[in-house]
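Residue numbers (my numbering): 9 to 247.
Just so you know, even glycine gets a beta-carbon here, dropped at the ideal spot from N, CA and C.
Reading through the structure tokens given below for one structure.
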Ligand SMILES: N[C@@H](CCC(=O)N[C@@H](CS)C(=O)NCC(=O)O)C(=O)O
């Protein structure tokens with residue numbers, strides 16, 4: 009049995025997608041990020057970096073329980089455990105891993121900053137919004153180009169690279185306006201294909217259930233918001 013420490017957030021959606029596609033038995037433990045639970049000592053013991061997702065696999069590949077954090081590492085672990093969604097052919101394997109890394113190092117952190125400055129900055133910051141819009145679009149351009157060469161990010165088959173990227177592309181129209189779909193027709197069609205998979209529907213239902221048990225950012229206390237966003241009394245200033 010796998011335990012998934014979860015919140016209603018894109019990096020966790022990836023893991024629900026993988027667990028559902030792979031047919032692995034799992035239970036979900038909601039972590040209330042906006043109530044400050046990622047700072048709790050018990051949680052920091054399983055991820056010193058204080059972020060979800062984390063999994064604990066009772067029957068890990070070493071025989072005993074295995075704890076893994078960082079969504080990219082979790083996806084690779086689950087793919088290797090099941091032999092699914094990460095090709096064995098060397099070329100497609102590294103293509104899959106390289107697009108997974110683009111999501112982990114580029115799309116996720118950059119779009120995350122865009123969302124922060126668009127929705128949560130205490131004062132509008134045009135420089136930050138422009139910078140993160142430009143950098144986001146640069147990655148989107150690369151993804152659109154890739155989907156002109158292959159049906160899926162890793163190549164011929166749906167893989168953990170697609171699972172990692174889908175939760176970040178799905179909300180684009182809500183963030184940038186519906187016209188963004190016209191700029192990225194292949195990505196838009198790719199989102200529809202993933203959205204039509206039965207495992208995706210099950211994964212999104214599971215994420216929604218977690219969302220019902222955790223605090224939406226708009227309802228968090230000002231203290232916890234400052235703590236999670238690293239500002240106010242929690243801001244650290246350069247030396
Ligand atoms: N690179 C990490 C990022 C994880 C991450 O940023 N998780 C957010 C939710 S999407 C979180 O736990 N934030 C709580 C915090 O920073 O205290 C991954 O992909 O797992």
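- Remark: the C-beta of residue 240 is outside contact range of ligand 1, defined as less than 8 angstroms to any heavy atom.
- Excluding its 5 nearest sequence neighbours in each direction, residue 125 has C-beta neighbours in its own chain below 8 angstroms: 133, 136, 137, 140, listed in chain order.
- Just so you know, the alpha carbons of residue 203 and residue 209 end up roughly 7 angstroms apart.
- Distances taken from the Cβ of residue 231 to the heavy atoms of ligand 1 include none shorter than 8 angstroms.
- Considering only 238, 191, 123, the residue with the shortest C-alpha distance to residue 153 is 191.
- With a contact defined as Cβ atoms closer than 8 angstroms, residue 60 and residue 17 qualify at about 7 angstroms.
- Per DSSP, residue 241 is not a residue of any beta strand (DSSP E), being assigned neither H nor E.
- With 16 or more other CB atoms across the displayed protein chains lying within 10 angstroms of its CB, residue 34 is buried.
- Within 10 angstroms of the beta-carbon of residue 27 lie 16 or more other beta-carbons, which makes it buried.
- Residue 157: member of the alpha helix (DSSP H) spanning 134-157, first to last residue.
- For the 9 angstroms CB-CB criterion, residue 79 and residue 23 form a contact.
- According to the DSSP assignment, residue 85 belongs to the alpha helix (DSSP H) that extends over 79-90.
- For the options 220, 171, 82, the alpha carbon positioned closest to that of residue 207 is the one of 171.
- For residue 15, the distance from the CB to the nearest heavy atom of ligand 1 is below 8 angstroms.
- Not one heavy atom of ligand 1 falls within 8 angstroms of the beta-carbon of residue 227.
- Residue 34 is bridged by DSSP to 10.
- At least one heavy atom of ligand 1 lies closer than 8 angstroms to the C-beta of residue 78.
- Between residue 168 and residue 115, the CB-CB gap reaches or exceeds 9 angstroms.
- The Cβ atoms of residue 245 and residue 161 lie no closer than 9 angstroms to each other.
- Across the structure, residue 12 and residue 176 are spaced so that their CA atoms are roughly 20 angstroms apart.
- In terms of side-chain proximity, the C-beta atom of residue 58 is found nearer than 8 angstroms to a non-hydrogen atom of ligand 1.
- One Cα belongs to residue 215, the other to residue 199, and the distance between them is close to 17 angstroms.
- In the structure shown, residue 104 adopts helical secondary structure according to DSSP, grouped into three states.
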